[in-house]
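Here is the structure we will look at.
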Amino acid sequence: MLSPDMWFFRQLGVDSRLPQDVLSALKREGRVERWGHGATIHHEPGELDLYVILGGEVLLNDGSSGRQTRLVRGDIFGESATARTVQAERAQRSAASLIAFDETTLCAVSHDVFREHAREHLGNFETSLGTLGKRKRVLVPVLPLICTTPASRLARVLLHLAETEGLIDNDCAKLPTAVKPAQLGRLTGLDKGRVSLLLAHFLAEGLLVENSSGALLPSLEKLRTLAVHHP
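For the sequence shown, the tail end lands on 287 under our numbering, and the numbers increase by one without skipping.
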């Protein structure tokens with residue numbers, strides 16, 4: 057069983073982004089696990105391994121929200137570093153479960169090993185922002201988003217957009233266009249539904265303000281804190 061403090065990347069395509077010799081090195085320095093259809097994938101809380109799906113699929117059932125996410129070949133997942141420090145406080149909370157769908161093969165490696173071998177090959181997520189006829193290609197580096205919780209990752213992406221596409225005034229930033237859940241999903245490796253829930257939370261907390269001319273980030277400092285220290 058997993059702590060609720062976990063992260064995952066959908067549509068990352070690690071198996072196609074990484075050369076075969078890099079995948080072989082990950083298998084050699086990590087461990088390969090094989091799970092039958094319907095098996096619960098066991099993972100001790102506090103073991104900060106990163107899992108690469110080499111074959112089959114994994115169903116993530118989020119015990120805290122009831123949401124289910126399907127992860128496929130090339131996706132990665134793991135427990136966030138903050139989970140270990142707050143685990144005792146959350147012992148009574150519903151844990152997430154990971155279920156193998158079909159015959160599933162995983163490669164478990166440490167975060168450091170993954171970063172060492174994959175650093176040069178992960179590249180960017182990309183999407184286009186703007187209205188019809190005035191669209192702009194936007195790239196977000198993947199590596200800084202690895203091993204982050206969904207809220208932390210969304211904060212990092214918004215900060216990146218503020219720095220590269222926005223107009224910054226002291227601690228505020230204005231994005232030239234509204235950013236939709238589908239676009240943010242492509243930039244964060246999250247599904248559209250989860251991004252929508254996160255955006256609603258950001259709006260309620262005053263981290264994001266939407267208007268007809270774009271989006272306002274009222275406090276970059278609060279976003280930076282969330283990006284680094286999401287519990």
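Ideal placement from N, C-alpha and C gives every residue a C-beta, glycine not left out.
Local conformation of residue i per DSSP, three classes
i: Ala205; result: Note that residue 205 is Thr in the sequence shown, not Ala. Residue state, collapsed to three classes: coil.
i: Thr233; result: coil
i: Asp225; result: strand
i: Asp71; result: helix
i: Gly245; result: coil
i: Val213; result: helix
i: Leu188; result: Legend: pLDDT at Leu188 = 45, less than 50; position of this residue unreliable, value from coordinates given subsequently. Leu188: coil per DSSP, three-state reduction.
i: Ala95; result: coil
i: Leu240; result: helix
i: Leu154; result: strand
i: Leu199; result: helix
i: Leu273; result: strand
Sequence-distant residues of the same chain with beta carbon closer than 7 angstroms to residue i, five excluded per side
i: Arg126; result: Glu113 and Leu115
i: Asp105; result: Gly134, Ala164, Val165 and Ser166
i: Lys278; result: Leu263
i: Gln148; result: Residue confidence for Gln148 is low, a pLDDT of 36 falling below 50, so the modelled location carries little weight; the figure read from the coordinates is stated next. Closer than 7 angstroms at Cβ, skipping near neighbours: no residue.
Residues near residue i in its chain [Cβ-Cβ closer than 6 angstroms; skip 5 each side]
i: Thr183; result: Val194, Gln239, Arg242 and Leu243
i: Ser268; result: none
i: Pro197; result: Asn180
Enclosing alpha helix (DSSP H) for residue i [first to last residue]
i: Leu253; result: Lys248 to Ala260
i: Arg171; result: His167 to Ala174
i: Ala81; result: Gln76 to Glu85
i: Thr281; result: Leu276 to Val284
Pair within 8 angstroms by beta-carbon distance, residue i and residue j
i: Leu273; j: Cys228; result: yes
i: His93; j: Phe157; result: yes
i: Leu263; j: Ser275; result: yes
i: Ser153; j: Thr205; result: no
i: Leu185; j: Thr220; result: no
i: Arg84; j: Leu110; result: no
i: Arg280; j: Leu215; result: yes
i: Ala81; j: His167; result: no
i: Pro237; j: Leu223; result: no
i: Trp63; j: Thr160; result: no
i: Leu68; j: Asp131; result: yes
Whole-Å CB distance - residue i paired with residue j, under 8 angstroms assumed
i: Ala164; j: Gly86; result: 5 angstroms
i: Ala271; j: Val235; result: 6 angstroms
i: Tyr107; j: Leu162; result: 5 angstroms
i: Arg123; j: Leu246; result: Arg123 to Leu246, Cβ: 11 angstroms. No contact.
i: Leu231; j: Leu217; result: 6 angstroms
i: Ile155; j: Asn117; result: 7 angstroms
The beta strand (DSSP E) enclosing residue i, as first and last residue numbers
i: Arg126; result: Gln124 to Leu127
i: Thr183; result: Asn180 to Leu185
i: Leu110; result: Asp105 to Asn117
i: Gly134; result: Ile132 to Glu135
Own chain partners of residue i with C-beta closer than 8 angstroms, once the 5 adjacent residues on each side are dropped
i: Ser252; result: Pro237
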